[in-house]
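Structure first, then comments.
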Amino acid sequence: MLKADVEEAVHCQEAGKSLGQNNVPNHLIKHVGDATIVAMTALSQILAERILLRSGLSLY
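Residue numbers (the numbering used here): 64 to 123.
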């Protein structure tokens with residue numbers, strides 16, 4: 064997952080939606096800074112790699 068993918072997902076969030084599993088309101092996620100986007104991207108990449116490893120696949 065690329066930083067641009069995370070930025071697009073964040074900006075596509077609809078305001079007024081109910082809280083998700085993370086209990087963070089969408090309006091807070093939409094207004095995060097670049098450092099948070101970078102951290103969210105890194106976390107997404109780690110999670111994707113773990114999922115692939117558990118399935119026997121690899122990113123490399």
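Glycine residues also receive a C-beta, built at the ideal position from the N, C-alpha and C atoms.
Query	Result
8 Å contact criterion, which Ser107 and Val69 should meet: CB distance rounded	6 Å
Rounded straight-line distance, which links the Cα of Ser121 to that of His94	33 Å
Minimum length 4: unbroken alpha helix (DSSP H) runs contained in the segment 69 to 118	89 to 93, 97 to 117
Pair within 9 Å by beta-carbon distance, Ala78 and Asn89	yes
Straight-line gap, Gln84 to Ala102 (C-alpha atoms, nearest Å)	18 Å
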